[in-house]
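J.: Residue numbers (our numbering): 10 to 504.
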Ligand code: ADP
């Protein structure tokens, strides 16, 4: 028996008066409730009807009207019944509805009405404070990998589509967090596009998840353009994430083998050297949505708002997992931790709840934290075991600068790349960050274009270099201090 069924049964047996059953697919939920209470009388209310022939004179179907009849007409025994309320989002706040539900709940609690449960079914229902005491919440369990696999298999059989096991596995993984209705709709859309199912249909799944994320204000879904091949250097980090990808995308087999679910990574170091780029490339490699958590948006104006926002962000990322949750410039968000006063208290509590979640996390949310200032990171965060690994990103070495030049010249002027003397450029850019290198290439391309030339030359880039300053000069002290800390703390080098 599924956990949800067990829980509902337990709540029925223990005579809990009101259950809020949070589901997307109402019809399925109602079926399940009926199955679990086969001998009870079912009274089902929705905006359009009240399904119970024993209620007389019900020409007005409003929820408060039905509840008043049930409450006031003693001849209508509620004993041994299940009162299912659907579509209640707009009605639950009505004072009459609250009043009747409260009185009925009290009667059930006191044993005046035996074997009766009121179940409110639906999504986004905010229970009024007056009823909180009587309400127990049950959330629908997400479909399992196997259940999603069966839906895909059935769809393929119905439409005579050939999809090999590997593809079905990849799609099942990407569909996690969505309900059956959405899965079938997306499969139908993918099939309508080109008459088959392919790995590229994952984009449709990501788009659907993006729309879910867009409805909330706490997270933002970042488009995935950059891949691991767009990162010059950082080979050790790339090797590490490639290994994690094998686990992430074969999670069922990995778990069975005894491998832990990957938690995440902290990438700290010099600005403009590929930390954000790596976060994006990780999600791209994992074929998973990238959700950016903006701490600025999390911090609310009202008491408890920040914690509630953090809870929402975590819940949302878990509900659309597998995904990558990216917390950019985490040190900014946590800058209040060591201070005092109201703000510091909030950040402390936020950090606490975040770390607890990270520690206990069982979902497939891979956390990527990026930080420009490692001296500002609280020790609890960088303690071993919180994340799977902590990487330090330094200014690129010679070999890395060569790769970064190649990437940025190739992305803008692929035709010219063979004639550019990379060795010369690399020698002149000691102490430049990846972003600096991109900057000089951009500058050279722009100059060549505005001078009506048909290609760029090594000299164009050398001129751009001569007009710029390396980051190592601009941020000399900060970078030196950072390198010192990184060595002390024994972070792993991303190079
Ligand atoms: P940060 O480390 O501050 O997060 P970013 O990853 O945002 O820096 O880098 C800014 C831009 O600089 C990137 O979008 C990319 O174009 C370029 N860049 C930085 N590092 C690299 C790198 N190692 N390889 C290729 N491009 C890089």
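A virtual CB, placed ideally from N, CA and C, is assigned to each residue, including glycine.
1. What number of angstroms, rounded off, separates the C-alpha of residue 401 from the C-alpha of residue 251?
2. Taking 8 Å as the limit between beta carbons, can you name the residues of its chain near residue 349, skipping five residues before and five after?
3. Between residue 188 and residue 33, is the Cβ-Cβ spacing less than 8 Å?
4. What does a CB cutoff of less than 7 Å around residue 372 pick up in its chain, not counting 5 residues either side in sequence?
5. For residue 366, list the residues DSSP reports as bridge partners.
6. Determine the direct distance from the alpha carbon of residue 413 to that of residue 282, and round the result to whole angstroms.
7. Along the chain, where does the beta strand (DSSP E) containing residue 126 start, and where does it finish?
8. Please specify which runs of the alpha helix (DSSP H), each continuous and at least 4 residues long, are wholly inside the stretch 371-418, giving them in chain order.
9. First and last residue of the alpha helix (DSSP H) that includes residue 77?
10. Any heavy atom of the ligand ADP closer than 7 Å to the beta-carbon of residue 440?
11. Which residue's Cα is closest to the Cα of residue 399: 496, 320, 478?
12. From residue 290 to residue 172, what does the alpha carbon distance come to, in whole angstroms?
13. For a minimum of 4 consecutive residues, which ranges assigned as the alpha helix (DSSP H) are wholly contained in the stretch 443-500?
14. Would you call the stretch 113-130 and the stretch 150-158 touching, i.e. three or more CB-CB distances under 8 Å?
15. Which residues bound the alpha helix (DSSP H) around residue 291?
16. Given residue 17, which residues of its chain have a CB within under 8 Å of its CB, disregarding the five upstream and five downstream residues?
17. To test your reading of the DSSP string, which unbroken beta strand (DSSP E) runs of 3 or more residues are found completely within the stretch 227-286?
18. Is residue 284 near the ligand ADP, going by C-beta to nearest heavy atom under 7 Å?
19. In whole angstroms, what separates the C-alpha of residue 265 from that of residue 134?
20. Quick check: the stretch 413-432 against the stretch 466-483, are there 3 or more CB pairs under 8 Å?
21. Rounding to the nearest angstrom, what Cα-Cα distance links residue 505 and residue 36 in this structure?
22. Leaving out five residues on either side along the sequence, give the residues of the same chain with a beta carbon under 7 Å from the beta carbon of residue 184.
23. So which of 99, 81, 21 has the shortest CA-CA distance to residue 56?
24. Does the beta-carbon of residue 464 have 16 or more other beta-carbons within 10 angstroms, so that it is buried, or is it exposed?
25. Around the C-beta of residue 314, are 16 or more other C-beta atoms found within 10 angstroms, so that it is buried, or is it exposed?
26. If we count the other Cβ atoms within 10 Å of its Cβ and call it buried at 16 or more, is residue 89 buried or exposed?
27. Taking its Cβ as the centre, do 16 or more other Cβ atoms sit within 10 Å of residue 1, making it buried, or is it exposed?
28. What residue ranges within the stretch 139-221 form continuous beta strand (DSSP E) runs of no fewer than 3 residues, ordered along the chain?
29. Throw me the rounded Cβ distance for the residue 235 and residue 286 pair, which I believe falls under 8 Å.
30. Going by beta-carbon coordinates alone, are residue 387 and residue 343 separated by less than 8 Å?
31. Could you round the C-beta distance between residue 80 and residue 105 to whole angstroms and report it? I think they count as a contact, below 8 Å.
32. Below 6 Å CB to CB, which residues in the same chain sit around residue 22 once its five sequence neighbours on both sides are set aside?
33. Exposed or buried, residue 460, counting other C-beta atoms within 10 Å across all chains shown (16 or more means buried)?
34. Examine the Cβ distances between the stretch 474-484 and the stretch 439-459 and report whether three or more of them are shorter than 8 Å.
35. If you measure between the beta carbons of residue 477 and residue 445, is that distance less than 8 Å?
T.: Concretely, from the data shown:
1. Counting only the Cα atoms, residue 251 lies some 18 Å from residue 401.
2. Annotation note: pLDDT 48 at residue 349 (below 50); position unreliable, coordinate value reported separately. Taken in chain order, the list of residues that qualify is empty.
3. In this structure, residue 33 lies closer than 8 Å to residue 188 by Cβ.
4. The residues are 327, 330.
5. Under DSSP, residue 366 forms no beta bridge with any residue.
6. The straight-line gap from Cα to Cα measures roughly 10 Å.
7. In the DSSP assignment, residue 126 falls within the unbroken beta strand (DSSP E) covering 125-131.
8. Entirely contained in the stretch 371-418, the alpha helix (DSSP H) runs reaching 4 residues are, in chain order, 388-391.
9. Note, residue 77: alpha helix (DSSP H), 72-81.
10. It does not: the Cβ of residue 440 is nowhere closer than 7 Å to a heavy atom of the ligand ADP.
11. The option with the nearest alpha carbon to residue 399 is 496.
12. Between residue 290 and residue 172, the C-alpha separation is close to 27 Å.
13. Whole alpha helix (DSSP H) segments, 4+ residues: 443-459, 467-475, 480-483, 485-498.
14. The stretch 113-130 is not in contact with the stretch 150-158.
15. Element bounds for residue 291: 284-295.
16. Cβ contact annotation for residue 17 (same chain, cutoff 8 Å, sequence separation greater than five): 28, 30, 41, 42, 45, 147, in chain order.
17. Listed in chain order, they are 228-231, 273-278.
18. At least one heavy atom of the ligand ADP is nearer than 7 Å to the Cβ of residue 284, so yes.
19. Here the C-alpha atom of residue 265 lies approximately 37 Å from the C-alpha atom of residue 134.
20. When Cβ pairs closer than 8 Å are counted between the two stretches, the stretch 413-432 is seen to touch the stretch 466-483, the count reaching three or more.
21. Outside the displayed range of the chain (10 to 504) lies residue 505, so it cannot be described from this structure.
22. Its chain contains 157, 192, 214 as the residues whose beta carbon lies nearer than 7 Å to that of residue 184, once the 5 sequence neighbours on both sides are disregarded; these appear in chain order.
23. Of 99, 81, 21, the residue nearest in Cα terms is 99.
24. By the 10 Å Cβ count, residue 464 comes out exposed.
25. By the neighbour-count rule (16 or more Cβ atoms within 10 Å), residue 314 is not buried but exposed.
26. Residue 89 is exposed by the Cβ-count criterion.
27. With the chain running from 10 to 504 in the structure shown, residue 1 is simply not present.
28. Runs found: 144-148.
29. Correct: roughly 6 Å between the Cβ atoms.
30. The criterion of a C-beta distance shorter than 8 Å is satisfied by residue 387 and residue 343.
31. That belief does not hold up - the Cβ atoms of residue 80 and residue 105 are roughly 10 Å apart, past 8 Å.
32. Cβ neighbours of residue 22 beyond the five flanking positions: none.
33. For residue 460, the number of other beta carbons within 10 angstroms of its own is below 16, and it is reported as exposed.
34. Touching, yes.
35. A distance below 8 Å separates the beta carbons of residue 477 and residue 445.
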